[in-house]
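Asker: Let me begin by handing over the structure; questions about it come next.
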Amino acid sequence: MLDLKLIRANPEKIQELIDRRNGSYDVQPIVELDRASRELETKRSQLSARGNEIGKLIGKKIGSGSNPQGEEIAQLKAEGNKIKTKLSELEPQEKEFKAKIEALLLELPNLPDESVPLGKGEEENVEIKRWGDEYITDNQNPLPHWEIGEKLGILDFKRAVKVAQSRFVNLVGAGAALERALISFMLDTQIAAGYLEVMPPVLVNSASLQGTSQLPKFAEDSFKCSNDDLWLTPTAEVPVTNLYRDEVIEDSELPIHHCAYTPCFRREAGSAGRDSRGLIRLHQFNKVELVKVVAPETSEAEHQTLVENAEAILQALKLPYRILELCTGDIGFGAAKCYDLEVWLPSANMYREISSCSNFRDFQARRANIRFKQAGKKGTQYVHTLNGSGLAIGRTMAAVLENYQQPDGTVKVPDVLQPYLKREVL
RNA sequence: GGAGAGGUGGCAGAGUGGUUGAAUGCGGUAGUCUCGAAAACUAUUUUAGGGUCAAACCUAACGGGGGUUCGAAUCCCCCCCUCUCCGCCA
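Numbering-wise (my numbering), the first sequence opens with residue 22 and increments by one.
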């Protein structure tokens with residue numbers, strides 16, 4: 022959520038920054054509602070002040086012996102009643118204004134950082150780094166991972182579809198073990214890098230989804246439980262960030278660095294027909310997520326190390342990848358700045374997103390009301406939140422299967438995974 | 001799911017209609033004392049919105065929402081959450 026005061030003070034500038042994004046958003050209605058709402062608030066609070074005065078006066082008079090049934094008290098009560106009537110008109114109006122402003126603010130995306138490259142869509146993202154060219158296979162006819170997996174008997178899509186729906190997978194034998202190995206390896210690596218592991222609920226309430234900005238705008242992307250105010254989390258970002266919702270954190274507690282393994286659930290509304298085969302786009306997938314809650318002045322540097330922590334996994338697995346800096350037209354709703362890590366998939370002959378590392382600045386903190394207090398300073402400030410995948414497990418499995426496939430149809434186990442899997446070949 | 005108890009400031013914990021934003025204790029901050037520290041003592045210490053150059057000042061908040069009243073932490077209604085016992089259960 023954007024700072025209403027900032028919009029009020031600088032509507033043109035805010036509009037200009039939002040216009041850099043894809044999509045049309047208008048701050049003008051907010052500015053106008055805000056003006057009207059503040060006028061109303063001034064009127065209402067003056068009226069309340071007089072009402073409070075009368076209340077205290079009556080109390081004082083009765084306390085000092087006045088007749089509660091007397092003329093003087095009756096007059097005061099009459100005035101109090103008049104004020105009450107007026108307030109009963111003004112109060113709902115003011116509430117309505119504020120609710121409208123809040124609703125509009127919740128629909129407004131974050132401002133892209135000044136440094137984010139201008140662009141309309143993903144084709145204008147900027148590649149800023151490429152790593153591991155030397156590991157790109159020279160195999161001319163690499164198999165797609167789903168074929169490798171089905172041949173090895175470790176990926177079973179058919180039965181998963183029977184049990185659930187399309188876009189689900191059943192992992193079998195070494196497939197399941199590889200998934201576990203990847204999860205453990207990633208967690209161990211990030212824990213060693215200083216992240217504190219958490220294992221949060223994967224059903225989350227609406228307030229949490231609003232806090233991290235999946236709601237209200239993107240409700241159709243998540244699965245909802247019909248009888249409860251609970252949703253299947255689309256990413257660990259939601260439960261982990263919301264651990265601190267409505268909290269005031271001591272600045273000595275910052276920065277907070279969490280890693281978390283969770284399954285993730287996405288409806289993939291609107292992506293029918295895309296990536297319909299394999300592990301790339303499933304309704305349920307596993308992910309190790311990195312979440313940071315930090316002081317504002319450190320968030321830029323924290324963002325850089327977040328990317329490095331995600332990269333470390335790909336480097337350890339010797340998987341070729343590149344880093345894109347997303348342009349203003351492709352950056353996510355809540356992000357001020359975002360880097361995508363894309364891993365090389367030989368069968369597709371292209372890089373595919375495997376991690377997205379975003380700095381939300383105070384956008385989520387404002388929605389989720391996560392603040393911190395500086396020792397010795399009055400008041401509170403909003404924290405900055407960041408998160409990134411470290412990494413998506415299913416896509417990593419796809420990348421491992423494809424990049425490590427051997428001419429004889431087997432798959433070599435990456436060195437760093439061998440201690441976990443206790444085997445060298447799948 | 002059934003029965004009961006409860007949700008108050010950073011924490012603990014008073015407060016059942018009237019100058020209560022809220023006693024008291026702990027914690028925090030500043031000071032006195034000290035070479036320094038501890039202890040003791042003194043003072044200070046919620047958040048958000050409006051307002052102001054800045055202040056003053058005003059409003060709101062005692063789980064959430066609604067109601068009664070001139071006036072609600074306190075009374076009434078609905079909801080949420082926590083705890084205890086019972087039931088069920090991995």
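Backbone N, C-alpha and C fix where the C-beta goes; we use that ideal spot for every residue, glycine too. Values in this document were obtained by computation on a predicted structure and should not be read as measured data.
Measure the C-alpha to C-alpha separation of residue 305 and residue 224 and round it to an integer number of angstroms.
Answerer: 13 Å
Asker: With DSSP run on the structure shown, which of helix, strand or coil describes residue 204?
Answerer: helix
Asker: Less than 7 Å between the C-beta atoms of residue 255 and residue 287, yes or no?
Answerer: yes
Asker: By the three-class DSSP mapping on this structure, what secondary structure does residue 330 have?
Answerer: helix
Asker: Less than 7 Å separating the beta-carbons of residue 118 and residue 205?
Answerer: no
Asker: Evaluate residue 165 with the Cβ neighbour count: other Cβ atoms within 10 Å of its Cβ, from every protein chain shown; 16 or more gives buried, anything less gives exposed.
Answerer: Counting Cβ neighbours within 10 Å, residue 165 comes out buried, since at least 16 surround it.
Asker: Taking just the CA atoms, how far does residue 298 sit from residue 319?
Answerer: 41 Å
Asker: Pick out whichever of 62, 391, 372 and 177 has its Cα sitting closest to the Cα of residue 112.
Answerer: 62
Asker: State whether the region 405–412 contacts the region 156–164, with contact taken as three or more CB pairs (one from each stretch) at a distance under 8 Å.
Answerer: no
Asker: Using C-beta distances below 7 Å, list every residue in its chain close to residue 415, excluding the 5 sequence neighbours before and after it, in chain order.
Answerer: Answer for residue 415: 300, 303, 306 and 307, listed in chain order.
Asker: Could you tell me which whole beta strand (DSSP E) segments of length 3 or greater appear in the region 271–327?
Answerer: List check, beta strand (DSSP E) in window: 277–286 and 305–315.
Asker: Kindly indicate which three-state DSSP category residue 374 falls into: helix, strand or coil?
Answerer: Strand.
Asker: Could you compute how far the alpha carbon of residue 177 sits from the alpha carbon of residue 418?
Answerer: 14 Å
Asker: Just to confirm the assignment, what range does the beta strand (DSSP E) spanning residue 410 have?
Answerer: 405–413
Asker: If we count Cβ pairs, one from each stretch, closer than 8 Å, do we get three or more for the region 225–241 versus the region 360–380?
Answerer: no
Asker: Any heavy atom of the ligand ZN inside 6 Å of the beta-carbon of residue 139?
Answerer: Ligands displayed in this structure: none; no statement on the ligand ZN is therefore possible.
Asker: Check whether the Cβ atoms of residue 382 and residue 357 sit closer than 7 Å, and answer yes or no.
Answerer: By the CB criterion at 7 Å, residue 382 and residue 357 fall inside the cutoff.
Asker: Taking the alpha carbon of residue 173 as the point to measure from, which residue in 422, 445, 443 and 439 has its own alpha carbon closest?
Answerer: 422
Asker: Give the C-beta separation of residue 272 and residue 394 to the nearest angstrom, bearing in mind that I take them to be a contact with Cβ-Cβ under 8 Å.
Answerer: 6 Å
Asker: Got a sec, what are the start and stop residues for the beta strand (DSSP E) residue 184 sits in?
Answerer: Per DSSP, residue 184 belongs to no beta strand (DSSP E); it is in the alpha helix (DSSP H), 178–184.
Asker: Please classify residue 23 as buried or exposed, where buried requires at least 16 neighbouring CB atoms within 10 angstroms.
Answerer: buried
Asker: Can the beta-carbon of residue 130 be found less than 7 Å from the beta-carbon of residue 349?
Answerer: no
Asker: Sort out for me which residues DSSP pairs residue 365 with in a bridge.
Answerer: 372
Asker: Would you kindly report the start and end of the unbroken beta strand (DSSP E) that includes residue 150?
Answerer: Residue 150 -> beta strand (DSSP E) spans 147–152.
Asker: Go through its chain and collect everything with a Cβ distance to residue 380's Cβ below 6 Å, but skip five positions before and after it.
Answerer: Result list for residue 380: 320, 324, 357, 358 and 407, in chain order.
Asker: With a Cβ-Cβ cutoff of 7 Å, do residue 100 and residue 122 count as a contact?
Answerer: no
Asker: Looking at the structure shown, is residue 218 part of a helix, part of a strand, or coil, going by DSSP?
Answerer: DSSP places residue 218 within a strand segment (E or B) once states are collapsed to three.
Asker: Tell me which residues share the same chain as residue 36 and place their Cβ nearer than 6 Å to its Cβ, disregarding the 5 neighbours each side in the sequence.
Answerer: 48
Asker: So, at 6 Å on beta carbons, what are the nonlocal neighbours of residue 337 in its own chain, with the 5 sequence-adjacent residues on each side left out?
Answerer: 437
Asker: Out of 80, 203, 38 and 46, state which residue places its alpha-carbon closest to the alpha-carbon of residue 136.
Answerer: Considering only 80, 203, 38 and 46, the residue with the shortest C-alpha distance to residue 136 is 38.
Asker: Can you find at least 3 beta carbon pairs, one from the region 328–345 and one from the region 208–223, that sit closer than 8 Å?
Answerer: Yes: at least three Cβ pairs fall under 8 Å.
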